[in-house]
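Trainee: Protein chains in written order, with our numbering: chain F, 5 to 157; chain U, 5 to 157.
From the three backbone atoms N, C-alpha and C, an ideal C-beta is built for every residue, glycine too.
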DNA sequence: GCTTGAAACTTTAACCTTGAAATAAATTCG
DNA sequence: CGAATTTATTTCAAGGTTAAAGTTTCAAGC
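(1) From what residue to what residue does the alpha helix (DSSP H) around residue 58 (chain F) run?
(2) Would you identify the three-state DSSP class for residue 105 (chain U), choosing helix, strand or coil?
(3) Could you round the C-beta distance between residue 70 (chain U) and residue 89 (chain U) to whole angstroms and report it? I think they count as a contact, below 8 Å.
(4) Since residue 16 (chain U) meets chain F, which of its residues come closer than 9 Å, beta carbon to beta carbon?
(5) State buried or exposed for residue 97 (chain F), treating a residue as buried only when at least 16 other CB atoms are found within 10 Å of its CB.
(6) Is residue 140 (chain F) close to chain U? Criterion is C-beta to C-beta, closer than 7 Å.
(7) Between which residues of its own chain and residue 74 (chain U) is the CB-CB distance below 8 Å, once the five residues before and five after are set aside?
(8) Can you tell me which of the three DSSP states residue 113 (chain F) falls into?
(9) Which first and last residues belong to the beta strand (DSSP E) in which residue 76 (chain U) is found?
(10) Let's see if you can read the secondary structure: which residues bound the beta strand (DSSP E) around residue 99 (chain F)?
(11) For residue 70 (chain F), would you say it is in contact with chain U, using Cβ-to-Cβ distances shorter than 7 Å as the test?
(12) What residues in the region 17-30 of chain F have a beta carbon less than 8 Å from any beta carbon of chain U?
(13) At the level of alpha carbons, what is the spacing between residue 2 (chain U) and residue 151 (chain F)?
(14) Going along chain F in order, which residues have a C-beta closer than 9 Å to the C-beta of residue 96 (chain U)?
(15) Please report the distance separating the alpha-carbon of residue 35 (chain F) from that of residue 84 (chain F).
(16) Considering only C-alpha positions, which residue in the set U:26, U:25, U:16, U:48 is nearest to residue 121 (chain U)?
(17) Within 10 angstroms of the Cβ of residue 146 (chain F), are there 16 or more other Cβ atoms? Answer buried if so, exposed if not.
(18) Run the CB neighbour count on residue 157 (chain F), radius 10 Å, all protein chains shown included, and call it buried at 16 or more, exposed below.
(19) So what does residue 65 (chain F) bridge to, in DSSP terms?
(20) With distances taken Cα to Cα, identify the nearest neighbour of residue 45 (chain F) among F:86, F:32, F:72, F:124.
(21) Nearest chain U C-beta to residue 150 (chain F) closer than 7 Å, yes or no?
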């Protein structure tokens, strides 16, 4: 019964290998997305992420809501939104009843622009992940979901 | 005939969901690793990555080998190695027979330091991925492996 | 030998990122 | 009310990241 020994040793090694694979895969895909966003739309992944969050919130989002959703620091979002605003894609409006806060919203231009980017983005993902069948996709999704549960999230 | 439309639509959505999950998971884990490397070792993930590459090359690596292995830009590695060198963890030695190039090597201090970091890192990964069993781990690994094959890699 | 093109790096400009400090407004509470 | 605390956001310093441009050296080919 070397099965017992295998069970004791394998998981740690398998996990480290899995992590490196996970990292390599996501970095590879992120790299492709970043490059295409740059060459085809003249934008960046962080900007796309912020616009994606905003596009789901027609009423707008506060800075802290954006940073919370994207799990990045507050100061980070300040700069990205600054650039979005100076490009006419987003707008800061005073938050009603709280003079400290502002609500960020996409402009009409921002919505149009994001529509185009999102359509391309979805097609790219479909292309880049085409190697994974629907069943495998579902299995991975559930496995990672279980993982997400235990983190602070 | 909405079956045809469904077949055309569903996999794409599943893949997009999978991608977002993949991204969330790896970013979450990377965030934990980055924070622990910072608080417990006063270093960063990029520095750890470079040191990990160097630790596998006792003879040292050229700058372009490092950037190629890590799939980051050349200019990027320049800065990271600069800081490693100024901290006494690595050293640039002239490449024999090529005055353009230098070979980067870990110093004795760098090797010691990396040993400690690597041990902690492996334990952290084991902890963070503990929610995934060995079988699931293997399955995900193979699915992502199939994916990696088709990319430029 | 010289010139031309490729290769190995570094530099630069612009952006992203974080954690910590600073500002300012809202809230709590004595 | 007024002080202390908390909350929302920006600013700052240091580092990471890329693509593009610049420098130096090597390798061919004439």
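Mentor: With the structure as the only source:
(1) 49-59
(2) coil
(3) Wrong, their Cβ atoms sit about 13 Å apart, outside the cutoff.
(4) 126, 127, 129, 130
(5) exposed
(6) yes
(7) 53, 54, 57, 81
(8) helix
(9) Residue 76 (chain U) -> no beta strand (DSSP E), and no H or E assigned at all.
(10) Run containing residue 99 (chain F): none; DSSP gives neither H nor E here.
(11) no
(12) 18, 19, 20, 21, 22, 23, 25, 26, 27, 28, 29, 30
(13) Lying outside 5 to 157, the shown extent of chain U, residue 2 (chain U) is not represented and no answer is given.
(14) Going along chain F, no residue has its Cβ under 9 Å from residue 96 (chain U), so there is no contact; the nearest lies around 26 Å.
(15) 19 Å
(16) U:48
(17) exposed
(18) Model confidence at residue 157 (chain F) stands at a pLDDT of 38, short of 50, so the residue's coordinates are unreliable and nothing is read from them.
(19) F:108
(20) F:124
(21) yes
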